[in-house]
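Residue 388 in our numbering is what sits at position 361 of the sequence shown, and the numbering runs on without skipping anything.
Note that CB positions come from ideal geometry on N, CA and C, so glycine has one too.
All remarks here apply to the structure that follows.
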Amino acid sequence: MSAVTPTSWGRYPTARPRQIQSCRDVQALALPDETLSRLPFGNGRSYGDVCLNNNGVLLLTRRLDRFIAFDPATGVLRAEAGILLAEILALIVPQGWFLPVTPGTQFVTLGGAIANDVHGKNHHVAGSFGCHVRAFELLRSDGNHLLCTPEQNTEWFQATVGGLGLTGLITWVEIQLQRIANPWIVAENRRFASLDEFLALDVEYEARYPYIMSWIDCATGLGRGIYMAGMHAPPGLLKSPPPQRRGLTVPFIPPISLVNSLSVAAFNRLYYHLPRPARGLIPYQPFFYPLDNLREWNRLYGRQGFFQYQCVIPPANAHAALWEILARIVVSGQGSMLAVLKRFGDKTSGGLLSFPRPGVTLALDFPNRGQSTLDLLERLDEVTRQAGGAVYPAKDARMSGDSFRHYYPQWVEFSRFIDPRFSSSFWRRVMEH
Ligand SMILES: Cc1cc2nc3c(=O)[nH]c(=O)nc-3n(C[C@H](O)[C@H](O)[C@H](O)COP(=O)(O)OP(=O)(O)OC[C@H]3O[C@@H](n4cnc5c(N)ncnc54)[C@H](O)[C@@H]3O)c2cc1C
């Protein structure tokens with residue numbers, strides 16, 4: 028039993044599990060036989076309540092952190108599900124391998140990466156994380172251990188990839204890594220003045236670069252931002268290991284959010300005009316994980332926490348819907364500091380409930396100002412729904428059940444695979460309201 032109650036990254040909502048159980052040994056693992064619902068908890072890097080289980084049992088997976096097998100000739104890696112992507116990178120990068128897909132933080136577990144079928148900057152070429160999973164073991168509450176691969180127990184595989192931890196506990200995972208010749212990244216930065224310019228740059232860069240994403244200024248509503256593209260450097264260029272970063276930590280949670288209208292406006296202006304090289308070589312960590320250098324940065328949002336809003340809009344409606352979303356944010360006066368824009372490609376995600384689908388995805392952070400923030404997010408949902416888009420459960424703490432069921436009509440089919448003893452605060456919210 029752990030003394031600290033786990034929270035999600037947005038620190039909203041709060042949830043009190045009745046029991047917290049740490050999973051240690053895969054061989055000896057048996058799920059507790061009692062009536063409370065269970066939910067695996069990886070490293071709590073989901074923003075809302077997909078990793079929370081109010082009044083239930085949380086199964087902490089971080090102690091399932093052993094490597095099981097790694098073949099440096101083929102790049103096939105098998106490890107327990109609680110291992111962090113950061114721990115995997117430390118092993119594989121010096122041996123010329125990299126994760127096939129990585130989210131914007133390396134502090135997520137393998138199990139969490141599968142359960143949300145996470146995406147990275149290379150979705151247009153690589154699809155989502157689930158596309159690179161060769162196998163995993165699923166422990167059900169009836170004691171059954173299911174070996175799931177794209178060919179074996181296929182339905183369970185598809186339900187568990189993006190399955191929000193509800194189909195059972197993933198104990199170990201086997202993934203296919205990608206070969207790299209160099210741990211450094213050749214990166215390009217371009218300023219764009221409007222959404223139209225962003226869309227034009229996208230066409231140009233998508234064909235040339237495997238990693239692309241943009242930061243967009245949400246304070247002005249101009250649709251301006253910075254386009255960032257990168258690729259693993261070729262063998263000839265600098266090959267020494269990238270320097271270890273010594274990060275800072277936000278030491279405490281201030282009573283009120285340090286992210287407010289003034290700081291958001293100042294940050295956006297500064298970030299847009301900051302001089303940056305048009306092209307250069309940078310270590311992979313600041314390229315993929317710029318926020319990981321400031322540990323516990325979520326504390327900056329104060330005791331009330333914050334919301335993420337990440338939606339995807341189909342290509343045909345993206346332009347109009349994104350303008351409308353930016354306009355609604357500006358009218359609300361609640362600009363976002365960390366607004367990220369990216370295009371998803373056509374590669375189908377392996378999961379029944381996976382979020383990624385063709386279109387443009389926008390991720391936004393808003394300090395929790397109570398009802399006014401909830402109202403704004405509801406207004407953004409109106410746009411997303413009308414445009415035929417969807418909201419990402421991993422980042423969500425408030426969408427209505429009606430919206431969820433509209434975005435994910437596959438939930439009906441998915442429900443057949445939910446372990447009868449598993450549940451989450453998220454699932455109860457979107458099923459009951
Ligand atoms: C700074 C930052 C940047 C991010 N960038 C991205 C991004 O670019 N793309 C993206 O897709 N996401 C992104 N995320 C979200 C994050 O990648 C996902 O929420 C991820 O799932 C978190 O993994 P975790 O190990 O912390 O799992 P948790 O948040 O603890 O849990 C997530 C889900 O996984 C389930 N789960 C965990 N372990 C297991 C297991 N062993 N078996 C079964 N189910 C399990 C939980 O029940 C829960 O439903 C980002 C988050 C942060 C904080």
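Residue i Cβ short of 8 angstroms to ligand 1 heavy atom set
i	result
Arg326	no
Ala142	yes
Ile197	yes
Thr88	yes
Thr132	yes
Lys374	no
Ser73	yes
Tyr336	no
Ser35	yes
Gly69	yes
Val145	yes
Ser451	yes
Tyr435	no
Val26	In the structure as shown, the chain begins at 28 and stops at 460. Residue 26 is therefore absent and cannot be evaluated.
Ala421	yes
Thr32	no
Gly109	yes
Leu380	no
Val332	The identity of residue 332 in the sequence shown is Gly, whereas the question assumes Val. No, since every heavy atom of ligand 1 falls outside the 8 angstroms radius drawn around the Cβ of Gly332.
Asp169	no
Gly154	no
Thr187	yes
Leu91	yes
Leu191	yes
Of the listed residues the options, nearest to residue i (C-alpha basis)
i	options	result
Glu231	Arg217, Ser290, Ile197 and Trp242	Arg217
Gly138	Arg90, Thr181 and Arg43	Arg90
Leu79	Lys148, Pro420, His433 and Trp242	Pro420
Val457	Thr276, Arg425 and Thr176	Arg425
Asp402	Val387, Trp438, Leu379 and Ser359	Ser359
Gly37	Phe333, Arg273 and His346	Phe333
Ile356	Ala220, Ile243 and Pro44	Ile243
Pro237	Gln437, Val367 and Ile207	Ile207
Ala220	Gly170, Gln331, Pro317 and Arg296	Arg296
Gln179	Ala162, Pro210 and Leu85	Ala162
Arg303	Gly252, Gly109, Pro130 and Pro127	Gly252
Gly109	Gln361, Pro210 and Gly71	Gly71
Ile239	His259, Asp223 and Ala246	His259
Ala246	Pro127, Leu353 and Thr34	Leu353
Thr276	Trp324, Phe68 and Ser35	Trp324
His346	Thr32, Lys369 and Thr400	Lys369
Arg235	Leu249, Asp223, Gly250 and Gly257	Gly257
Thr62	Arg448, Val128, Ser452 and Phe134	Arg448
Between the CA atoms of residue j and residue i - distance to the nearest angstrom
i	j	result
Val103	Gly189	21 angstroms
Arg455	Phe125	37 angstroms
Met28	Thr88	Confidence is the limiting factor: at Met28 the pLDDT is only 47, short of 50, which leaves the residue's position unreliable and the question unanswerable from this model.
Glu233	Pro385	14 angstroms
Ile95	Ala106	5 angstroms
Asn149	Ala214	14 angstroms
Arg393	Gly415	Note on identity: in this sequence residue 393 is Phe, with Arg being the wrong assignment. Using only the alpha carbons, I get a separation of about 23 angstroms.
Pro310	Glu440	43 angstroms
Tyr328	Pro278	13 angstroms
Glu201	Val160	6 angstroms
Asp423	His300	31 angstroms
Pro436	Asp429	10 angstroms
Thr198	Ser288	44 angstroms
His433	Val410	13 angstroms
Glu351	Ile115	40 angstroms
Thr34	Asn209	36 angstroms
Pro44	Gly195	18 angstroms
Asn82	Asn395	24 angstroms
Ser363	Val291	7 angstroms
N- and C-terminal bounds of the beta strand (DSSP E) containing residue i
i	result
Asp392	Gly386 to Pro394
Asp98	Phe94 to Asp98
Thr198	Leu196 to Gln203
Asn216	Trp211 to Phe219
His146	Counting along the chain, His146 falls outside any beta strand (DSSP E), and DSSP gives it neither H nor E.
Opening and closing residue of the alpha helix (DSSP H) in which residue i lies
i	result
Ser49	It is not in any alpha helix (DSSP H) - Ser49 instead sits in the beta strand (DSSP E) that spans Gln46 to Ser49.
Pro313	Tyr311 to Phe315
Ala345	Pro342 to Ser359
Arg456	Ser452 to Glu459
Ile253	Taken as a continuous stretch (DSSP letters only), Ile253 belongs to no alpha helix (DSSP H), being part of the beta strand (DSSP E) at Gly252 to His259.
Next item on the list: Could you tell me whether the region 367 to 380 touches the region 152 to 166, where touching means 3 or more Cβ pairs closer than 8 angstroms?
Entry: Touching, yes.
Note to self: Is it the case that the region 102 to 120 contacts the region 326 to 343, given that we only count it when at least three CB pairs across the two stretches are under 8 angstroms?
What the structure shows: In short, these stretches do not touch, since the Cβ pair count stays below three.
Check: Is the number of C-beta pairs between the region 401 to 421 and the region 44 to 52 that are closer than 8 angstroms three or more?
Finding: Cβ pair count under 8 angstroms is below three, so no.
Next item on the list: Decide yes or no for the touch test of the region 223 to 230 against the region 268 to 279: beta carbon pairs closer than 8 angstroms, at least 3 of them.
Entry: Contact fails: fewer than three Cβ-Cβ distances are below 8 angstroms.
Notebook entry, point to check: For the 8 angstroms Cβ check, are there 3 or more pairs between the region 138 to 152 and the region 164 to 172?
Noted result: The answer is no - the region 164 to 172 does not touch the region 138 to 152, with fewer than three Cβ pairs under 8 angstroms.
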